[in-house]
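These notes are about the structure you will find just below.
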Amino acid sequence: MTETNQDNLFAHPLGIIPGFVFDKAVVDVFPDMIRRSVPGYETILAHCGELASRYVQANSHCYDLGCSLGASTLAMRSRITDHRNTKIIAVDNSAAMLDKCADLLAAVPSPISTELLNQDICDTEINNASMVVMNFTLQFIPMSQRAALIKKIYAGLNPGGCLVISEKLHFEPPSLNTLLSDLHHQFKRAQGYSDLEISQKRDSIENVLIPETLDTHIQRLRACGFQSASPWFQCFNFCSLVAIKEP
Ligand code: GEK
Numbered sequence: 076m077t078e079t080n081q082d083n084l085f086a087h088p089l090g091i092i093p094g095f096v097f098d099k100a101v102v103d104v105f106p107d108m109i110r111r112s113v114p115g116y117e118t119i120l121a122h123c124g125e126l127a128s129r130y131v132q133a134n135s136h137c138y139d140l141g142c143s144l145g146a147s148t149l150a151m152r153s154r155i156t157d158h159r160n161t162k163i164i165a166v167d168n169s170a171a172m173l174d175k176c177a178d179l180l181a182a183v184p185s186p187i188s189t190e191l192l193n194q195d196i197c198d199t200e201i202n203n204a205s206m207v208v209m210n211f212t213l214q215f216i217p218m219s220q221r222a223a224l225i226k227k228i229y230a231g232l233n234p235g236g237c238l239v240i241s242e243k244l245h246f247e248p249p250s251l252n253t254l255l256s257d258l259h260h261q262f263k264r265a266q267g268y269s270d271l272e273i274s275q276k277r278d279s280i281e282n283v284l285i286p287e288t289l290d291t292h293i294q295r296l297r298a299c300g301f302q303s304a305s306p307w308f309q310c311f312n313f314c315s316l317v318a319i320k321e322p
């Protein structure tokens with residue numbers, strides 16, 4: 076399978092729409108799916124590289140939590156300047172994703188050691204971290220476990236380290252949420268998705284991806300110890316935040 080497989084998983088009427096899962100069928104179309112579904116995806120990846128060039132330190136760990144096919148790992152790896160004893164740990168609980176991720180990473184040789192872990196990121200031990208990236212993964216974690224995960228990341232970051240969280244957002248009041256969702260759906264239409272694909276994907280992901288407001292994210296980051304936290308990118312209802320563990 077190549078990275079150019081087109082996502083047509085929701086192109087035909089499905090009847091009863093199953094809840095979204097990250098299985099082999101999704102893996103086979105994932106690069107196309109995420110690029111055509113998430114406005115700003117490439118910009119966010121490029122800036123994870125930029126942040127890696129600033130924050131990743133020698134003799135430290137760098138985490139990609141919910142790595143899927145390793146796009147964030149590749150972006151960071153390409154920009155880390157000080158390779159001395161730096162290690163990237165890329166984690167995903169979809170074995171299908173990690174199998175393909177291993178192939179894609181192997182195709183881009185790097186001096187930076189990279190470990191792939193097939194596990195729930197809620198069970199991942201975070202230590203000696205100079206950078207942690209969670210690109211579009213927190214939204215899939217049960218609400219009751221989100222604060223504990225952020226606290227664990229804060230504890231595992233070295234002073235001066237950074238966390239990047241990219242998420243789909245919810246807005247209040249409902250009229251604003253509807254507007255930003257509509258703008259997102261318009262973006263998907265412009266990327267070639269039909270109204271049927273958009274509506275079936277929305278139904279499939281509805282109870283699987285639970286978005287929160289920007290305020291909720293910022294307040295939780297502060298409550299978990301991050302003195303500095305701010306969005307650095309937003310397009311419609313997609314946002315990327317950076318949070319720093321102050322030295
Ligand atoms: C990218 N970051 O291309 N533990 C581990 N992995 C999980 C868990 C969990 N509890 N829940 C979901 N995942 C990537 C894109 S995709 C985003 C991330 C999306 C994994 C899941 O298997 C999937 O690979 C990933 O998180 C989310 O920059 O598809 O919207």
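Using my numbering, the letters of the sequence shown map in sequence onto residues 76 to 322. Where a beta carbon is used, it is the ideal one built from N, C-alpha and C, also for glycine. If you're wondering where the values come from, they're calculated on a predicted model, not measured in any experiment.
Exclusion of the five residues before and after D107 leaves E78, T79, N80, Q81 and D82 as the residues of its chain whose Cβ lies within less than 8 Å of its Cβ. In this chain, the alpha helix (DSSP H) harbouring C123 covers Y116 to Y130. Looking from the CA of F95, the closest CA among K320, Q275, A298 and F246 belongs to Q275.
Excluding its 5 nearest sequence neighbours in each direction, F262 has C-beta neighbours in its own chain below 7 Å: P114 and F311, listed in chain order. By the beta-carbon neighbour count (other beta carbons within 10 angstroms, threshold 16), L224 is buried. At a threshold of 7 Å, S256 does not count as near the ligand GEK, since its beta carbon sits no closer than that to any of the ligand's heavy atoms. Unbroken alpha helix (DSSP H) runs of no fewer than 4 residues, entirely contained in the segment 192 to 260, are found at 218 to 231, following chain order. Going down the chain, each residue whose beta-carbon is closer than 5 Å to a heavy atom of the ligand GEK shows up: F97, G141, S143, A146, S147, D167, N168, S169, M172, D195, I196, N210, F211, T212 and F215. Taking the C-beta atoms as reference points, L140 is found no nearer than 8 Å to V239. Between Y138 and G236, the CB-CB gap reaches or exceeds 8 Å. In the DSSP assignment, T189 is bridged to I163. Note on geometry: alpha-carbon atoms of Y116 and G90 lie some 30 Å from one another.
The beta carbon of F97 is closer than 6 Å to those of S169 and M172 in its chain, skipping five residues each way along the sequence. Scanning its chain for C-beta atoms nearer than 8 Å, with the 5 sequence neighbours on each side dropped, one finds around L284 the residues F95, Q214, F215 and K243, in chain order. Counted as a single uninterrupted DSSP element, the alpha helix (DSSP H) harbouring P106 occupies residues K99 to S112. In the DSSP assignment, A318 falls within the beta strand (DSSP E) that extends over F313 to I319.
Excluding five sequence positions before and after I119, the CB atoms of its chain that fall closer than 7 Å to its own CB belong to N210, S241, F308 and S315, given in chain order.
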